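Notes follow the structure.
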Amino acid sequence: MQIPENLKYTSDHEWLLLEGEVATVGVTDFAQGELGDIVYVDITKVGETLKAGEVFGTVEAVKTVSDLFLPVDGKILEFNEELANSPELVNSDPYGKGWMVKIAVSDLATVATLLSSEAYASLTAR
Amino acid sequence: MELKKVALNDLHAKLGAKMIGFAGFNMPVRYSTDTEEHLAVRNGVGVFDVSHMGEFMIKGEKALDLIQRVTSNDASVLTDGKVQYSCLPNQKGGIVDDLLVYRIKENEYMLVVNASNIDKDWAWISQFNNEGAEMIDISNKTSLFAVQGAKAVEAMQSLTEISLADMKYYTFQIAKFAGVENVVISATGYTGAGGFELYVPNESAEIVWNKIFEAGKNFDIKPIGLGARDTLRLEMGYCLYGNDIDDQTSPLEANLGWITKFTKNFTNSENLRKQKEKGVEKLLIGFEMIEKAIPRSHYAVVDSEGNSIGQVTSGTQSPLLKKGIGMAYVKTDFAKVGNEIFVVVRDKAFKAQVIKLPFVKK
Numbered sequence: 001m002q003i004p005e006n007l008k009y010t011s012d013h014e015w016l017l018l019e020g021e022v023a024t025v026g027v028t029d030f031a032q033g034e035l036g037d038i039v040y041v042d043i044t045k046v047g048e049t050l051k052a053g054e055v056f057g058t059v060e061a062v063k064t065v066s067d068l069f070l071p072v073d074g075k076i077l078e079f080n081e082e083l084a085n086s087p088e089l090v091n092s093d094p095y096g097k098g099w100m101v102k103i104a105v106s107d108l109a110t111v112a113t114l115l116s117s118e119a120y121a122s123l124t125a126r
Numbered sequence: 127m128e129l130k131k132v133a134l135n136d137l138h139a140k141l142g143a144k145m146i147g148f149a150g151f152n153m154p155v156r157y158s159t160d161t162e163e164h165l166a167v168r169n170g171v172g173v174f175d176v177s178h179m180g181e182f183m184i185k186g187e188k189a190l191d192l193i194q195r196v197t198s199n200d201a202s203v204l205t206d207g208k209v210q211y212s213c214l215p216n217q218k219g220g221i222v223d224d225l226l227v228y229r230i231k232e233n234e235y236m237l238v239v240n241a242s243n244i245d246k247d248w249a250w251i252s253q254f255n256n257e258g259a260e261m262i263d264i265s266n267k268t269s270l271f272a273v274q275g276a277k278a279v280e281a282m283q284s285l286t287e288i289s290l291a292d293m294k295y296y297t298f299q300i301a302k303f304a305g306v307e308n309v310v311i312s313a314t315g316y317t318g319a320g321g322f323e324l325y326v327p328n329e330s331a332e333i334v335w336n337k338i339f340e341a342g343k344n345f346d347i348k349p350i351g352l353g354a355r356d357t358l359r360l361e362m363g364y365c366l367y368g369n370d371i372d373d374q375t376s377p378l379e380a381n382l383g384w385i386t387k388f389t390k391n392f393t394n395s396e397n398l399r400k401q402k403e404k405g406v407e408k409l410l411i412g413f414e415m416i417e418k419a420i421p422r423s424h425y426a427v428v429d430s431e432g433n434s435i436g437q438v439t440s441g442t443q444s445p446l447l448k449k450g451i452g453m454a455y456v457k458t459d460f461a462k463v464g465n466e467i468f469v470v471v472r473d474k475a476f477k478a479q480v481i482k483l484p485f486v487k488k
């Protein structure tokens, strides 16, 4: 299971990559493995400003449905359009082509409060 | 409560299965991915360890009598080597469990019940056993492997001298299989893909499992988990106890009229007969999504104006058809094939259509 060191994580199994003031968000390798074959990613909140912990979409696997929680306060700028036709990218490349949304982070300081790769690794090892 | 283990528990773990608690058992949910396993069964051959299922032997001169009183189908038509799908109605209009009835020989039957209901069914049947039929619960001693798929017959033929291709659906033979005597080889399954279910004593489980994989090697045989088992059965429109049928649902509402025979008396048969004459208020239907959405158990079903007309009992994205499919109870007026219904997914109604089951034709 991969947990890249350059990313930040949440206990809800999302990852976040900050570049300038824009962050890319997706679900972790651990999450995609637990979900199984992902068949639909439903993001309905593009353009909206949400608080950390609010649901910004839903990911559907063959057997399960799971809500997606925003890691930090921010505005949803963009949804990964490629997932509409190829949701399986979340399984095959969760940290790359399987990214889900880009957000304008409201307060950059909040990013530092997210989990480090080590902290996330110990969380999933439990 | 600690999960019970099937005989080959450690073997599944070694094969890399993700194990989950299901019906009180630690069971393999998938070894690779649900879709891959699903398609392996539809197009090739796969093996499920479904040893969590329960098996009761019913013996003696009053065996048939007892079975007739507790089950809805007519077991008197069974001859040696025949299997019948049936259910145990309760006295309140619902279903205690659905099951298979095997006639081993005269005065000897095997009932195969759902793992989650073993204790409930045993207690239920026992209370009607007042004429001394012998009941033996062999669930804990019996392993059950379902070898299912288009290539199952061909892949398994080398393991037995009986002609698998000649076995008719819902028949069984007790024969030597994989070198083990007295295996119940049953031409049944829960996938619609064809194949066999093999009842094996636990002490021979590992031998049989390994021989199945040796024999199936050239057919690319794969172990299959409960995840794909559920999507396979749903594509066929087979009921799952606890989802599509339960203590509250009538067999007539569940479209199980074909296993509800009023040629005999059984638990609650009088009320069910009246229900049949009067007509049911809701019916279990199959539907497929027209608009893109995946139906799930407990989602609301509404009409075009948003009025509630029922509830989804099972739903998934069909790995074969690649669209949302499901089963739901809807008001009888809406149950006609072709009718437009709507499934509410995350507060939004998505268009679907009632279709004739199965979703996937055999």
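First to last, the sequence lines map onto chains S and V.
As numbered in my numbering, the first sequence has no gaps in its residue numbers, which increase by one up to the final residue, 126.
As numbered in my numbering, the second sequence has no gaps in its residue numbers, which increase by one up to the final residue, 488.
Built from N, CA and C at the ideal position, the CB exists for glycine as well.
Predicted model only: the values in this text are computed from it and were never measured.
Cα-Cα separation between residue i and residue j, rounded to whole angstroms
{"i": "V/Trp-335", "j": "V/Phe-271", "result": "8 Å"}
{"i": "S/Val-90", "j": "V/His-424", "result": "26 Å"}
{"i": "S/Leu-123", "j": "S/Thr-64", "result": "22 Å"}
{"i": "V/Tyr-367", "j": "V/Ala-341", "result": "33 Å"}
{"i": "S/Tyr-9", "j": "S/Trp-15", "result": "4 Å"}
{"i": "V/Met-127", "j": "V/Val-155", "result": "19 Å"}
{"i": "V/Val-239", "j": "V/Gln-253", "result": "17 Å"}
{"i": "V/Ile-311", "j": "V/Ser-177", "result": "15 Å"}
{"i": "V/Lys-390", "j": "V/Ala-304", "result": "41 Å"}
{"i": "V/Leu-214", "j": "V/Val-222", "result": "5 Å"}
{"i": "V/Val-480", "j": "S/Pro-71", "result": "40 Å"}
{"i": "S/Leu-134", "j": "V/Arg-168", "result": "For residue 134 of chain S there is no data in the structure shown, the boundaries of chain S being 1 and 126."}
{"i": "V/Gly-315", "j": "V/Ser-395", "result": "28 Å"}
{"i": "V/Asn-328", "j": "V/Asn-308", "result": "13 Å"}
{"i": "S/Thr-2", "j": "V/Lys-144", "result": "It should be pointed out that residue 2 of chain S corresponds to Gln in this sequence rather than to Thr. So the two alpha carbons sit approximately 18 Å from each other."}
Closer than 8 Å at the beta carbon, the chain S residues around residue i
{"i": "V/Asp-160", "result": "Gly-36, Asp-37, Ala-61, Val-62, Lys-63"}
{"i": "V/Arg-489", "result": "Since the first and last residues shown for chain V are 127 and 488, residue 489 of chain V lies out of range."}
{"i": "V/Thr-442", "result": "Val-62, Lys-63"}
{"i": "V/Arg-156", "result": "Gly-36"}
{"i": "V/Pro-349", "result": "Within 8 Å Cβ-Cβ: nothing; V/Pro-349 doesn't reach chain S, min ~16 Å."}
{"i": "V/Pro-484", "result": "None at all; the shortest Cβ gap to chain S is about 18 Å."}
Cross-strand partners of residue i (DSSP beta bridge)
{"i": "S/Glu-14", "result": "S/Val-27"}
{"i": "V/Asn-391", "result": "Answer is none; V/Asn-391 lacks a bridge partner."}
{"i": "V/Cys-490", "result": "Nothing can be reported for residue 490 of chain V, as the shown portion of chain V is limited to 127 through 488."}
{"i": "V/Pro-484", "result": "Beta-bridge pairing links V/Pro-484 to no other residue."}
{"i": "V/Thr-386", "result": "BP columns for V/Thr-386 are empty, so no partner."}
{"i": "V/Ile-300", "result": "V/Val-310"}
{"i": "S/Asp-67", "result": "S/Thr-58"}
{"i": "V/Lys-474", "result": "V/Val-471"}
{"i": "S/Ala-104", "result": "S/Val-22, S/Lys-75"}
{"i": "V/Glu-323", "result": "V/Ala-272, V/Ser-312"}
{"i": "V/Asp-263", "result": "V/Phe-182"}
{"i": "V/Ser-440", "result": "V/Met-453"}
Chain V contact residues for residue i, given Cβ-Cβ distances below 7 Å
{"i": "S/Thr-10", "result": "Neighbours of S/Thr-10 on chain V: none; closest Cβ ~21 Å, over 7 Å."}
Residues of its chain near residue i, where Cβ-Cβ distance is below 8 Å and the 5 sequence neighbours each way are ignored
{"i": "V/Lys-387", "result": "Ser-198, Asn-199, Asp-200"}
{"i": "V/Glu-332", "result": "Ala-133, Leu-134, Leu-137"}
{"i": "V/Leu-378", "result": "Thr-386, Leu-398, Gln-401, Lys-402, Val-406"}
{"i": "V/Lys-294", "result": "Ala-313"}
{"i": "S/Gly-98", "result": "Gly-26, Val-27, Gln-32, Asn-80, Leu-83, Leu-89, Val-90, Asn-91, Ser-92"}
Contact set between residue i and chain V, taken where Cβ atoms lie within less than 8 Å
{"i": "S/Thr-58", "result": "Arg-472"}
7 Å Cβ shell around residue i - same chain, five flanking residues per side excluded
{"i": "S/Ala-104", "result": "Glu-21, Val-22, Gly-74, Lys-75, Leu-77"}
{"i": "V/Gly-220", "result": "Asp-372, Asp-373, Gln-374, Thr-375, Ser-376"}
{"i": "V/Val-273", "result": "Val-171, Val-173, Met-282, Gly-321, Phe-322, Leu-324, Ile-338"}
{"i": "S/His-13", "result": "Val-27, Thr-28, Phe-30, Ala-31"}
{"i": "V/Ala-419", "result": "Gly-450, Val-469, Val-471, Phe-476"}
{"i": "S/Val-5", "result": "Note on residue identity: the sequence assigns Glu, not Val, to residue 5 of chain S. These residues qualify, in order along the chain: Ser-117."}
{"i": "V/Lys-188", "result": "Glu-257, Gly-258, Ala-259"}
{"i": "V/Ser-265", "result": "Gly-180, Glu-181, Ile-244"}
{"i": "V/Lys-488", "result": "Gly-318"}
{"i": "V/Ser-434", "result": "Ala-426, Val-428"}
Own chain residues within Cβ distance below 6 Å of residue i, not counting five before or after
{"i": "S/Glu-57", "result": "In the sequence on display, residue 57 of chain S carries Gly and not Glu. Cβ neighbours of S/Gly-57 beyond the five flanking positions: Asp-42, Ile-43, Leu-68."}
{"i": "V/Ile-69", "result": "Given a span of 127 to 488 for chain V in the structure shown, any question on residue 69 of chain V remains unanswerable."}
{"i": "V/Glu-260", "result": "Lys-185, Gly-186"}
{"i": "V/Ala-354", "result": "Asp-160, Glu-163, His-164"}
{"i": "S/Thr-110", "result": "Val-72"}
Interface partners of residue i on chain S, CB under 9 Å
{"i": "V/Arg-355", "result": "Per Cβ cutoff of 9 Å: no residues; V/Arg-355 is ~11 Å from chain S at best."}
{"i": "V/Pro-445", "result": "Asp-37, Val-39, Val-62"}
Under 8 Å: do the stretch 239 to 248 of chain V and the stretch 149 to 160 of chain V share three or more Cβ pairs, one atom per stretch?
yes
Are the stretch 469 to 482 of chain V and the stretch 425 to 433 of chain V touching, with three or more C-beta to C-beta distances below 8 Å?
yes
Does the contact criterion of 3 or more C-beta pairs under 8 Å hold for the stretch 340 to 349 of chain V versus the stretch 161 to 177 of chain V?
yes
Any contact between the stretch 80 to 87 of chain S and the stretch 22 to 42 of chain S? By contact I mean 3 or more CB pairs, one from each, below 8 Å.
In short, these stretches touch, since the Cβ pair count reaches three.
Could you tell me whether the stretch 434 to 445 of chain V touches the stretch 363 to 371 of chain V, using the rule of 3 or more Cβ pairs below 8 Å?
yes
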